[in-house]
Amino acid sequence: MTDSDREARQMFALGSMGHVAYHLWAEQARREHRFNLARLFDALSAARLARAGQAFRRLNWVRSTAENVVSAFSGAVIGDIDADRITGVTPLARELLARAQRAVSEGRDLRAGELGDLFVCTTCGEICEGKLEGACRRCGTVPEAHRAFRAIEAMGTLGPHAIMAFLERTEEALRTLVAGLDDDFLARRLNDATPSLKELIGHLADMDAIFRQRAWLLLETNQPTLSPAHPPSLESAAMYRDQPIDAVLDAYHTTRAQTLSLLRGLTSAAWHREGYHEVYGVINLLHQANWLISHERAHLVEMAQIRHDLIATDRRYAETTVADIVVTASNEGE
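Heads up: the sequence shown runs through residues -19 to 314, numbered per the working numbering.
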């Protein structure tokens, strides 16, 4: 093995590990509703993936599909590596992470003025912050081949059609999740740290109302400033545990019907109405709708898991049939 091959193997292994580390840290940041930190980790993950891919190709490990199938079946052997630093390997990455460190030390997300749009070269993994101008300064790859991590797209990139399709289906998913289950079961918590299904449905109703308030501001006010205050917490949804499930579902139905009425028939210009948020910067209605869907989908998946785990421990529901999928992905092709 040549020194060049050994270096490429090392670069591939370390880049791959860094990619996974940043990716999982991004997922955790989203769970904590720190979406700018998640965007930073996503960009750093993409940069490590690009560099790992560059090394992988240098080793001539990408061949014909037939040969790749053989390699995949037999297993790729990387060999010994010296795993020193797998993240924060460039000056810019360390600078960006230092900003993140200051933010989390204050118990908050990065603010709009602390993290610009990020662009990652898909060839070599070079990161650029701010405005992308010209080809990659490291390898010459054109701007069109860069991957963008923009603040306004941090919540997702669903368009109006997919947004409406998702919002229209959520109530059906909720009713499917609670079908055949009694009030005591739906008020039960798996443990002290896990909310009940009633609380989660009530929380989604509270969040929908907050979204509608923000949507109305964006639609009716020129360049409004949206409050950076956090939306209602799960703790505030504890009151829903003592309510009948029909009342909790009715609360969700009422707010969602009002939200759909507000959004239905909006023009493209209306969906792009902008405001300013201290954390996310200049945002539009599409951004806020994607924010709602990202939050709602995560809790729907959580509810499906809680339902499954509760049924598994309750003999009364041992024969209950659970729908295979109650939470579906949305895409612009719908």
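Ideal Cβ positions, reconstructed from N, Cα and C, are used throughout, including at glycine.
Since we're looking at a predicted model, the values are computed, not measured.
By Cβ distance, which residues of its chain are closer than 6 Å to residue i, with the 5 residues on each side in sequence left out?
i: L198; result: R253, G255 and L265
i: R127; result: A26, V100 and T102
i: G(-5); result: R28, R31 and A32
i: Y297; result: I291
i: S85; result: none
i: C108; result: F99
i: G313; result: In this predicted model, G313 has a pLDDT of only 43, less than 50, meaning its place in the structure is not dependable; the value taken from the coordinates is given anyway. Correct list: empty, nothing qualifies.
i: H3; result: S25
Measuring only the C-alpha atoms, how far is residue i from residue j?
i: G114; j: A292; result: 57 Å
i: G317; j: E106; result: Summary: the structure shown does not reach residue 317, with the chain confined to residues -19 through 314, and so no result is reported for it.
i: E75; j: L161; result: 51 Å
i: G96; j: P71; result: 16 Å
i: A167; j: V122; result: 55 Å
i: A131; j: E94; result: 11 Å
i: Q83; j: R91; result: The sequence given here has Ala at residue 83, not Gln. Going by the C-alpha atoms only, they are around 8 Å apart.
i: A142; j: Q268; result: 14 Å
i: Q238; j: A185; result: 11 Å
i: F129; j: R19; result: 6 Å
i: D188; j: T67; result: 37 Å
i: L290; j: L170; result: 7 Å
i: A1; j: G87; result: 21 Å
i: F146; j: I273; result: 8 Å
i: R10; j: A278; result: 10 Å
i: E12; j: H275; result: 11 Å
i: V69; j: D172; result: 40 Å
i: A80; j: A209; result: 20 Å
i: A78; j: R65; result: 16 Å
i: N226; j: A249; result: According to the sequence provided, residue 226 is Asp. The question's Asn does not apply to it. Going by the C-alpha atoms only, they are around 38 Å apart.
i: A125; j: T(-18); result: 31 Å
i: S54; j: N48; result: 10 Å
i: C116; j: M(-3); result: 24 Å
i: N202; j: R194; result: 13 Å
Cα-Cα, which of the options is closest to residue i?
i: R287; options: A159, Q8, I273 and A78; result: A159
i: A231; options: S274, A217 and R244; result: A217
i: S207; options: V262, D226 and Q238; result: V262
i: L39; options: R(-11), E276 and R14; result: R(-11)
i: L157; options: S176, D172, A9 and N171; result: S176
i: D(-15); options: H13, E7 and R37; result: R37
i: T174; options: R10, Q8, Q285 and R296; result: Q285
i: T247; options: P140, A125, R221 and R194; result: P140
i: R295; options: L98, R117, C108 and F165; result: F165
i: L138; options: R79, H3 and W251; result: W251
i: A134; options: A209, R117 and L98; result: L98
i: E200; options: L242, E152 and Q8; result: L242
i: L280; options: A227, E152, D226 and N202; result: E152
i: T234; options: N48, R192 and M219; result: R192
Check the C-beta distance from residue i over to residue j and give it rounded, since I have them as a contact under 8 Å.
i: T150; j: R236; result: 7 Å
i: N270; j: G110; result: Their Cβ separation, rounded to whole angstroms, is 23 Å, which puts N270 and G110 out of contact at 8 Å.
i: A32; j: H(-1); result: 6 Å
i: H183; j: L214; result: 5 Å
i: L24; j: A73; result: 6 Å
i: F21; j: W5; result: 5 Å
i: D163; j: P224; result: 6 Å
Excluding five sequence neighbours on each side, which residues of the same chain lie with their C-beta closer than 7 Å to the C-beta of residue i?
i: L154; result: I181, L229 and Y232
i: S190; result: Checking the sequence shown, residue 190 turns out to be Ile, not Ser. For I190, where only same-chain residues beyond five positions count, the Cβ hits under 7 Å are P211 and P212.
i: A35; result: A(-12), M(-9), F(-8) and G(-5)
i: D89; result: R14, F15, N16, L17, A83 and V259
i: R221; result: A167, S176, K178 and E179
i: L240; result: L147 and E148
With DSSP as the reference, identify every bridge partner of residue i, one or two as the case may be.
i: N264; result: E254
i: F99; result: C108 and A128
i: L206; result: H257
Residues in the same chain with beta-carbon distance under 8 Å from residue i, minus the five sequence neighbours each way, listed in chain order, please.
i: S51; result: W41 and R43
i: E282; result: L180
i: M144; result: L240, L243 and R244
i: R118; result: C101, C104 and E106
i: W196; result: L242
i: E7; result: A18
i: M219; result: G182
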